[in-house]
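Here is the structure we will look at, set down as structure tokens.
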Amino acid sequence: MRLASTGTILHGVSVGEVLGVSTLADARLIAGRAGLDRIVQRLNVMEVPDILAWVKPHELLLTTGYPLRNTPQSLDRLVADLDERGLAALAIKLGRYLDELPGEMVEQADRLGFPLILLPNDVGFDDILNQVLTDILNRQAAILARTEEAHRALVQIVLAGGGMREVTAEVAGLLQVAVGATDAAGHLLAAAGESAQVARLREINAALARTQAAPPAGGDGHYAAVPVVAGGHHHGRIAAYSAHGTLTPSDIGILERAATVAALVITKQEAVTAVESKYRADFLRDVLTGRGGLRVAERAQAFGWDVERPVSVLVAEIDPDAEERPLQDRMLAAWQAAVRKHDPRGAVAGFSHEVVAIVGAAADPAKVARDALAAVSDGTFSTGLSRVASGVDALPGAYGQALKAARVGRQLHGAGAVAHFDELGVYRLLSLVNDTDELHAFVRETLGPLAGDDDAENADLRRTLQALLETNLNVAETARRLHFHYNTLRYRIGKLERMLGNFTEDAHLRLNLTLALHVLRMRGI
Numbered sequence: 001m002r003l004a005s006t007g008t009i010l011h012g013v014s015v016g017e018v019l020g021v022s023t024l025a026d027a028r029l030i031a032g033r034a035g036l037d038r039i040v041q042r043l044n045v046m047e048v049p050d051i052l053a054w055v056k057p058h059e060l061l062l063t064t065g066y067p068l069r070n071t072p073q074s075l076d077r078l079v080a081d082l083d084e085r086g087l088a089a090l091a092i093k094l095g096r097y098l099d100e101l102p103g104e105m106v107e108q109a110d111r112l113g114f115p116l117i118l119l120p121n122d123v124g125f126d127d128i129l130n131q132v133l134t135d136i137l138n139r140q141a142a143i144l145a146r147t148e149e150a151h152r153a154l155v156q157i158v159l160a161g162g163g164m165r166e167v168t169a170e171v172a173g174l175l176q177v178a179v180g181a182t183d184a185a186g187h188l189l190a191a192a193g194e195s196a197q198v199a200r201l202r203e204i205n206a207a208l209a210r211t212q213a214a215p216p217a218g219g220d221g222h223y224a225a226v227p228v229v230a231g232g233h234h235h236g237r238i239a240a241y242s243a244h245g246t247l248t249p250s251d252i253g254i255l256e257r258a259a260t261v262a263a264l265v266i267t268k269q270e271a272v273t274a275v276e277s278k279y280r281a282d283f284l285r286d287v288l289t290g291r292g293g294l295r296v297a298e299r300a301q302a303f304g305w306d307v308e309r310p311v312s313v314l315v316a317e318i319d320p321d322a323e324e325r326p327l328q329d330r331m332l333a334a335w336q337a338a339v340r341k342h343d344p345r346g347a348v349a350g351f352s353h354e355v356v357a358i359v360g361a362a363a364d365p366a367k368v369a370r371d372a373l374a375a376v377s378d379g380t381f382s383t384g385l386s387r388v389a390s391g392v393d394a395l396p397g398a399y400g401q402a403l404k405a406a407r408v409g410r411q412l413h414g415a416g417a418v419a420h421f422d423e424l425g426v427y428r429l430l431s432l433v434n435d436t437d438e439l440h441a442f443v444r445e446t447l448g449p450l451a452g453d454d455d456a457e458n459a460d461l462r463r464t465l466q467a468l469l470e471t472n473l474n475v476a477e478t479a480r481r482l483h484f485h486y487n488t489l490r491y492r493i494g495k496l497e498r499m500l501g502n503f504t505e506d507a508h509l510r511l512n513l514t515l516a517l518h519v520l521r522m523r524g525i
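For the sequence shown, counting from 1, position 408 maps to 408 in the UniProt record's numbering; every step adds exactly one.
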């Protein structure tokens, strides 16, 4: 109804309304009554037999029948062709060139719901053109004026500092319907209107959110929704529901203006949030690196944080191969929700590639981490948990513990790991060695050719050594784990001792080999 091929006229009048103008008072509908609600946006006059090349959608086609006088047998085909091209109706004068319309043409028009109008002979085409086009243009001017007035009122709301609640209330008052604003997931953020209509609007939005279905394009008469787009991202939609009548194209035009204004509200909120997030992140980074200065606790309280009580520090790092920027935003939102749920006085901030949270000792940090991880479905991050820190001065050390736990945990357990610093065992001690070159040299000296993965046989022998050390040299258990024959394993043990030394008899050598294997598992830390 609202699309025009030229893009100049966006609205029109129905065929039924066209028949009500004074110049067509004596016109008679002879077929296609089911199409009286078709929209007329322009008029055209049929002067040539090959009119199909010149018609456009939503036209009322006027003719005297002159181009058709020699081919009356093709008139039923003409109706089908005009209907296929989206014309609104055909109005014809009889008596001068055509005495009557074929019965097949009338039947075809009734089947297709394509209005056929018999024009009075004493009415000129210019009178019809002038009056109908004047009505269409007046209608469009009134609609545009109404839409522009609504747009000014909505923009004024934003300039006055209003938000979604005020925008939905204004549109609901203008249209006398229920209006709601939803987020990208379909959750209702604000709604206004009669309580019964708002309740129905909530039901429709909830059903769409459950099924993840798109709202009906242009509405279904009583319901309509338009998307809210800002910065190239879909942020939700503005939806309206009317229990008392259908939503008109003019109503949907006002919804589109409301969606534009809602995009301005979202952009403003995002800008404010970005600045606030930067201040929070800068302050928390200074605290965790020992550069917080004086009155740290007092400044933290301004953000709603309590850092004077015993707390734990949690660090979430994005796992490799993830799209870092989009995931970082969703990860921060997930952590904010999780911390707010478990500890409203906890602190959360996003750094360049990680999120850091500080929660009270009474909260379960592992549960906070799992809730945050579950809320992000399109990427993973590994989380490290610190020991309990008592006081602001202990926060930098706790941050280092959590960071180590996140990185070691990922190496040991893979992406999405949640590791506590106290649960790292010997890896905790190894992670404290700052000279990684020395660690790698120790691995090469201890494991010799087994330190690399260049040779598949050596890598396989290293796995055999790992299993032997884990079973405390229990040959039978190791053979069972590796699915080897006992004699095969005895042969491998001999080969390993020729390469590494007599580790079956030397406990110190076994300790060195175990540590070297642990360091290999921590490669990259």
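No residue lacks a Cβ here, since even glycine has one placed at the ideal position from N, Cα and C.
Beta bridge pairing from DSSP links residue 29 with 117. In its chain, beyond the 5 residues on either side, 131, 132 and 135 have a beta carbon closer than 7 Å to the beta carbon of residue 21. Counting along the chain, residue 128 sits inside the alpha helix (DSSP H) bounded by residues 125 to 159. Where residue 193 is concerned, there is no enclosing alpha helix (DSSP H), because DSSP gives it neither an H nor an E. Secondary structure note for residue 16: its alpha helix (DSSP H) is the uninterrupted segment 15 to 18. For residue 44, the enclosing beta strand (DSSP E) has its first and last residue at 42 to 45. The residue among 294, 34 and 128 with its C-alpha nearest the C-alpha of residue 110 is 34. Beta-bridge annotation (DSSP): residue 64 is not paired with any residue.
Under the three-state reduction of DSSP, residue 95 is assigned to coil, being neither helix nor strand. Per DSSP, residue 478 lies in no beta strand (DSSP E); the unbroken alpha helix (DSSP H) holding it starts and ends at 475 to 482. Under the DSSP assignment, residue 382 falls in the beta strand (DSSP E) whose first and last residues are 381 to 385. Residue 395 carries a helical assignment under DSSP once its states are collapsed to helix, strand and coil. For residue 508, the enclosing alpha helix (DSSP H) begins and ends at 507 to 521. When the five nearest sequence neighbours on each side are left out, the beta carbons in the same chain lying within less than 7 Å of the beta carbon of residue 241 are those of 177, 178, 197, 200, 201, 204, 222 and 223, in order along the chain. Going by DSSP, residue 170 is part of the alpha helix (DSSP H) stretching over 164 to 175. Distance from the CA of residue 36 to the CA of residue 26, rounded to the nearest whole angstrom, comes to 17 Å. Restricting attention to 32, 66, 188 and 24, the CA atom closest to the CA of residue 122 is found in 24. Runs of alpha helix (DSSP H) with 4 or more residues, each lying fully within the region 209 to 295, are found at 249 to 288, listed in chain order. Membership of residue 494 in any beta strand (DSSP E) is not indicated; the residue belongs instead to the alpha helix (DSSP H) covering 486 to 500.
Sorting 411, 450 and 455 by C-alpha distance to the C-alpha of residue 521 places 411 at the top.
Within 10 angstroms of the beta-carbon of residue 83 lie 16 or more other beta-carbons, which makes it buried. Under the three-state reduction of DSSP output, residue 314 falls in the strand class.
Look at residue 362 here: in three-state DSSP terms it is coil, with no helix or strand label. Nearest C-alpha to residue 112 among 101, 81, 192 and 420: 81.
Beta-bridge pairing by DSSP links residue 90 to 61 and 116.
Distance from residue 150 to residue 257 at the Cβ level is roughly 6 Å; contact confirmed, criterion being Cβ atoms closer than 8 Å. Of the other Cβ atoms in all chains shown, fewer than 16 fall within 10 Å of the Cβ of residue 490; this residue is therefore exposed. Cα atoms of residue 364 and residue 370: separation of roughly 10 Å, rounded to the nearest angstrom. In the three-state DSSP reduction, residue 471 falls in the coil class, being neither helix nor strand. In this structure, the beta-carbon distance from residue 342 to residue 359 falls below 8 Å. In this structure residue 55 does not touch residue 12 by the C-beta definition: roughly 15 Å separates them, more than the 8 Å allowed. Between residue 253 and residue 147, the C-beta spacing is below 8 Å. Rounded to whole angstroms, the Cβ separation of residue 181 and residue 168 is 5 Å, and the two are in contact under 8 Å. For residue 440, the uninterrupted alpha helix (DSSP H) run begins and ends at 436 to 447, by DSSP.
Rounded to the nearest whole angstrom, the C-alpha separation of residue 45 and residue 63 is 6 Å. Out of 261, 247 and 172, the CA that lies nearest to the CA of residue 227 is found in 261.
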